[in-house]
Amino acid sequence: METKFIFFSGKGGVGKTSMACTTAVRCADQGKKTLIVTTDPAANLSDVFEQEIGHNITLIQGTSNLFAMEIDPDKATEEYKERLLAPMKQLFLDEEMIHVAEEQISGPCTEEMASFDKFVDFMEDSEYEVIIFDTAPTGHTIRLLELPVDWSKHIEESAKGSGQTCMGPVSLIQENKQKFDAAISKLRDKTRTEFIFVMQPEQTSLDETLRASNELERLGIPTSKLIINGIIPSSEVVTPFFKKRHEMQHANIEKAMKTFLHIEIKTMELFDTELKGLDMFRLSGEKLFSGVEIK
Ligand SMILES: Nc1ncnc2c1ncn2[C@@H]1O[C@H](COP(=O)(O)OP(=O)(O)O)[C@@H](O)[C@H]1O
Ligand SMILES: [Mg+2]
Numbered sequence: 072m073e074t075k076f077i078f079f080s081g082k083g084g085v086g087k088t089s090m091a092c093t094t095a096v097r098c099a100d101q102g103k104k105t106l107i108v109t110t111d112p113a114a115n116l117s118d119v120f121e122q123e124i125g126h127n128i129t130l131i132q133g134t135s136n137l138f139a140m141e142i143d144p145d146k147a148t149e150e151y152k153e154r155l156l157a158p159m160k161q162l163f164l165d166e167e168m169i170h171v172a173e174e175q176i177s178g179p180c181t182e183e184m185a186s187f188d189k190f191v192d193f194m195e196d197s198e199y200e201v202i203i204f205d206t207a208p209t210g211h212t213i214r215l216l217e218l219p220v221d222w223s224k225h226i227e228e229s230a231k232g233s234g235q236t237c238m239g240p241v242s243l244i245q246e247n248k249q250k251f252d253a254a255i256s257k258l259r260d261k262t263r264t265e266f267i268f269v270m271q272p273e274q275t276s277l278d279e280t281l282r283a284s285n286e287l288e289r290l291g292i293p294t295s296k297l298i299i300n301g302i303i304p305s306s307e308v309v310t311p312f313f314k315k316r317h318e319m320q321h322a323n324i325e326k327a328m329k330t331f332l333h334i335e336i337k338t339m340e341l342f343d344t345e346l347k348g349l350d351m352f353r354l355s356g357e358k359l360f361s362g363v364e365i366k
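Here you go:
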């Protein structure tokens, strides 16, 4: 079985976490072993699932096959350093040398590298049928995705030259190049990875989404779907205030359809409550998928 990866991206507050959780609960209810991971440092999966989650894969209560994890950048850094140093510790058993190596891998990009390394670990996974990434706001995500492209090059060039990279000796991280290359090729493979942008039915949100989608395209990663979230239900359009907003929203949906001609667009209505808890995600799931199985 090949794991399917689904990324949710978009600006803060547009509904990424809500749509990622809606999709995760839907997949789990279809009997798929599903993991939702957030790489957003301002993660709130614990709040929406109303249980403690944190830096460990945790079963969501009330399900038998939905798991969640919030990547903690500090813990990811510790784990990453330990993993790099483990072979050295076996080889030398010399405190001084290990200390030197530790200094070398404590460079400025170690933390970024570590978070990405953790993320790439999931791209190697085969335990889950679906892995959903609830990512940090747009700019940050694209930067993370650009990293392996850079690192791959960086590792290659350093191996030819001084043998030093910004994260320490090349020999220590050489194995990562293969791992990153494999992750990039999965990210670019439409049959393995879906990249979904969430936006609000507003001009600024559309502009931002187009920019982000173009940046991804430059990295060779196509956008597969767009979710326009927060549409006022027609039944509620009974005052001039809501009529005006409703018209604005629909004008922007049309613009989005013209802008993203070949991309599937789904709309999601605005609920009168927050999106939180399994029952609510099942309800939003019915609206989002209208009975359609996610392929
Ligand atoms: N369709 C919707 N109807 C009602 N509330 C929504 C809807 N989508 C999102 N929300 C609420 O808006 C807030 C921001 O959504 P969230 O999914 O956390 O955004 P993001 O992850 O992009 O920052 C949350 O309180 C969420 O419950
Ligand atoms: Mg969020």
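Using the working numbering, the first residue of the sequence shown is number 72, and each one after it goes up by one.
Idealized CB from N, CA, C, for every residue including glycine.
Beta strand (DSSP E) segment containing M140, residue limits: 137-141
Considering just the uninterrupted stretch of the alpha helix (DSSP H) at T330, what are its terminal residues? 311-330
If I measure Cβ to Cβ from L349 and keep anything under 8 Å in the same chain, skipping five residues before and after, which residues do I get? Same-chain partners within the cutoff: V96, F120, I131, G133, T134.
Return helix, strand or coil for T93, following the three-state DSSP convention. helix
Cβ separation of S284 and T294, assumed to be a contact under 8 Å, to the nearest whole Å: 4 Å
Tell me Q129's beta-bridge partners as DSSP assigns them. Strictly speaking, residue 129 in this sequence is Thr, with Gln absent from that position. Answer by DSSP bridge pairing, in chain order: A139.
Give a yes or no on whether the C-beta atoms belonging to I302 and M328 are separated by under 8 Å. M328 is positioned such that its CB atom lies no closer than 8 Å to that of I302.
Just curious, the beta strand (DSSP E) that T264 is in, first and last residue? 264-270
Output yes or no for whether 8 Å exceeds the beta carbon distance between I176 and L155. yes
How big is the Cα-Cα spacing for D205 and R282? 19 Å
Alpha carbon to alpha carbon, what distance is there between F313 and K248? Approximately 53 Å, taken between the alpha carbons.
Do I324 and I299 come within 8 Å of each other at the CB atom, strictly closer than that value? yes
Just to confirm, does T88 get its C-beta within under 7 Å of one of the non-hydrogen atoms of ligand 1? yes
Cα-Cα separation, L116 to T109: Taking the straight line from one Cα to the other gives about 8 Å.
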